[in-house]
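Taking the numbering used here, I'd label the letters of the sequence shown as residues 8 to 118.
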Amino acid sequence: MKKFTDSFNGLKIALGHKAVLIQIILGLMAIIGGLIIRLDYYEWLAFVICITLVILCEVFNTAIEKIGDYLSEEKDERIRVIKDLSSAAVLVSSFGALAICLICVIRRILS
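So this is what it looks like as structure tokens:
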């Protein structure tokens, strides 16, 4: 039971970060768009996987940034590279999600 308590505490902490909230808002906007264009079952699966992946990457990115800040308050090139790499994971997952969303939207428009 403590594991669930810890997990929900982590979720609460993540929701306190602007970057995570932005990704959640974008995910909700994608859901609204999906409702408007009436996605089918498999498109919804793709949307949910994409939204989850992007939010997950953002939570990990936030955690990595916190670790870097904890390890050094001063500018450190090694920590900057680590932070940039974790940020790149969010960007790559976002581009993938955008591509899948565009494919679904274009498919709906053409059908």
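Even for Gly, the Cβ is constructed at its ideal location relative to N, Cα and C.
- For the pair of segments examined, the stretch 31-39 was found not to touch the stretch 88-97: the number of CB pairs separated by less than 8 Å stays below three.
- Secondary structure note for G23: it is in no alpha helix (DSSP H), with a DSSP letter that is neither H nor E.
- C-alpha of F54 to C-alpha of F11: approximately 26 Å in a straight line.
- Residue state for L46 is assigned as coil, using DSSP reduced to three classes.
- Counting along the chain, K90 sits inside the alpha helix (DSSP H) bounded by residues 84-117.
- Looking at S101, L22, I58, G23, the one whose alpha-carbon comes closest to that of I39 is I58.
- Residues C111 of the same chain have their beta carbon placed closer than 6 Å to that of E50, with the five preceding and five following residues left out of the count.
- Listed in chain order, the non-local C-beta contacts of G75 below 7 Å within the same chain comprise I86, I89, K90, local neighbours out to five positions each way being set aside.
- Inclusion of V99 and T69 in the CB contact set at 8 Å is not warranted, their separation being larger than that value.
- The straight-line gap separating the alpha-carbon atoms of L52 and V61 is approximately 14 Å.
- Straight across, the Cα-Cα distance linking E80 with F102 is about 31 Å.
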